[in-house]
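Undergrad: Okay, handing you the structure first.
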Amino acid sequence: AKNDGGNAYRFFNQEMNEEAQERLAMHFGLRQALEKGEFVLHYQPQIELVGGNLVGVEALIRWNHPELGLVPPGRFIPAAEENGLIVPMGEWVLLEACRQAVRFQKAGLSRLVVAVNLSALQFKRGDIEQSVRLALDESGLAPELLELELTESILIGDTERVLSTVMRLKKKGVKLSIDDFGTGYSSLSYLKRFKVDKLKIDQSFVRNLAHDVEDDAIVRAIIQMGHSLGLRTIAEGVEDQPVMDRLRLYHCDELQGYFISRPIPAAAFIAAYAPSQQA
Ligand code: C2E
Ligand code: CA
Ligand code: CA
Ligand code: CA
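Listed below in structure tokens is the structure:
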């Protein structure tokens, strides 16, 4: 149909229309899901390499769709970032993760830090300080037990405003980490300006660490640099023992990955990790 001349324009038009309609349907669907409470958080453990202690947990959103079942974030977060719904969605994530962190504490996981992913739009368009303050107040969680995962793209955009916001969050006592470290931006100067606590080494470098000399060199260098700057390091996407052994050799502080556990619902997390198993 694309080649029959006169119809090409109409075809193109129709295609654009379909795309626009899909976007509209997605916007509507996500907003309804938010109102109906169809989003859930799953939790993935973060383990210290020395001693094997559980020290943190990352909260990861899923859409519990009535027909499609559990929809992974890769299928709706990009749309939510495009249409702005990531801002109210992100507020819900913060509050829910903080409330769950308090439940984890009550189940005996007393020093567990809960890490929450933030989107650049929450900094640009939302009032992230207010959202964090609300989540901490309403949940009663100690600020030290909340970690905010920032991407490099957050830290390089609109720097002065972002810098002062990040500083005030830091002053409040919440922890900060840089997610997907090594993939976002070529300048490292922001590491001097933003006093973060932790680097999360991106899984694209970690996964084949034991078989790829370049990945190995990059991961090793990130760990060394992090430590020289006084930062903790965590490797994401650890899927097997050889990778874990390498990370231990390089004195990486923590690991997260399928080798330890996939992200799981809160109840399963408590069943697996809490010393006393009361919800
Ligand atoms: P991310 O923040 O880099 O999260 C890590 C992703 O890697 C998660 O995918 C996790 O399930 C997956 N993963 C963990 N260990 C392994 C492993 O050993 N092997 C492999 N192959 N994968 C592993 P998930 O849950 O599908 O999340 C994808 C992305 O969606 C996240 O990447 C994050 O960018 C975004 N996301 C998830 N939840 C939220 C949220 O609440 N807010 C925002 N803004 N973004 C979120
Ligand atoms: Ca993350
Ligand atoms: Ca990541
Ligand atoms: Ca990511």
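Per full-length UniProt numbering, the very first residue in the sequence shown carries number 320; after that it's consecutive. In this text, a Cβ means the ideal position worked out from N, Cα and C, and glycines have one as well. Predicted model only: the values in this text are computed from it and were never measured.
For the candidate residues Asn372, Leu360, Ile541, whose alpha-carbon lies nearest to that of Ile579?
TA: Among Asn372, Leu360, Ile541, the Cα nearest to that of Ile579 is on Asn372.
Undergrad: Quick check on Val390: does DSSP put it in helix, strand or coil?
TA: Residue state, collapsed to three classes: strand.
Undergrad: Excluding five sequence neighbours on each side, which residues of the same chain lie with their C-beta closer than 8 Å to the C-beta of Leu467?
TA: Excluding positions up to five away in sequence, the list reads Ala434, Val435, Leu437, Val451, Leu488, Val493, Lys494, Leu495, Ser496.
Undergrad: Would Arg567 and Leu353 qualify as a contact pair, given that the criterion is a beta-carbon distance under 9 Å?
TA: It is not a contact, given that the beta carbons lie outside the stated cut-off.
Undergrad: Is the beta carbon of Leu349 sitting closer than 9 Å to the one on Asn383?
TA: Not a contact, by the Cβ cut-off of 9 Å.
Undergrad: Under the DSSP definition of a beta bridge, which residues are partnered with Phe358?
TA: Per DSSP, Trp382.
Undergrad: Quick one: give me the first and last residue of the alpha helix (DSSP H) that Ile497 is part of.
TA: Element bounds for Ile497: not the alpha helix (DSSP H) but the beta strand (DSSP E), 494-500.
Undergrad: Output the boundary residues of the alpha helix (DSSP H) element that contains Leu453.
TA: 447-458 is the extent of the alpha helix (DSSP H) around Leu453.
Undergrad: In this structure, how does DSSP classify Arg539 when only helix, strand and coil are distinguished?
TA: In the structure shown, Arg539 sits in a helix (DSSP, three-state: H, G or I).
Undergrad: Quick one: using the 10 Å Cβ neighbour count with 16 as the cut-off for buried, is Met486 buried or exposed?
TA: By the neighbour-count rule (16 or more Cβ atoms within 10 Å), Met486 is not buried but exposed.
Undergrad: With respect to the beta strand (DSSP E) encompassing Asn436, which residues constitute its N-terminal and C-terminal limits?
TA: 432-436 is the span of the beta strand (DSSP E), which, as asked, contains Asn436.
Undergrad: Using a strict less-than 6 Å threshold between each residue's beta carbon and the heavy atoms of ligand 2, what residues do you get?
TA: Listed along the chain, these residues meet the criterion: Glu377, Asn436, Glu468, Asp498.
Undergrad: What residue range does the beta strand (DSSP E) around Ile553 cover?
TA: Looking at the DSSP string, the run of the beta strand (DSSP E) that includes Ile553 is 551-555.
Undergrad: Note down the Cα distance separating Phe442 from Ile475, rounded to an integer number of angstroms.
TA: Those two C-alpha atoms are separated by around 12 Å.
Undergrad: Jot down the residue ranges of each uninterrupted beta strand (DSSP E) in the stretch 556-594, minimum 3 residues, whole runs only, in chain order.
TA: DSSP runs (the beta strand (DSSP E)) wholly in the stretch 556-594: 573-575.
Undergrad: Quick one: residues in its chain with C-beta nearer than 6 Å to the C-beta of Ile473, no 5 flanking neighbours on either side, listed in chain order?
TA: So the qualifying residues of the chain are Ala439, Phe442.
Undergrad: DSSP has Lys443 in a bridge; who is on the other side?
TA: Partner(s): none; Lys443 has no beta bridge.
Undergrad: Does the beta-carbon distance from Leu379 to Gln424 come in below 9 Å?
TA: Not in contact: Leu379 and Gln424 (Cβ atoms no closer than 9 Å).
Undergrad: Checking 9 Å against the spacing of the C-beta atoms, do Leu518 and Leu550 come in under that value?
TA: Result yes, Cβ atoms of Leu518 and Leu550 sit closer than 9 Å.
Undergrad: Between Leu360, Gly503, Ala398, which lies nearest to Glu471 when the distance is taken from Cα to Cα?
TA: When only C-alpha atoms are compared, the closest one is Gly503.
Undergrad: Identify which residue in Val557, Lys491, Lys514, Ser547 has its Cα closest to the Cα of Ile520.
TA: The shortest C-alpha separation from Ile520 is found at Val557.
Undergrad: Given the structure, does Gln522 come close to ligand 3, in the sense that its CB is under 8 Å from one of the ligand's heavy atoms?
TA: Yes, the Cβ of Gln522 comes within 8 Å of a heavy atom of ligand 3.
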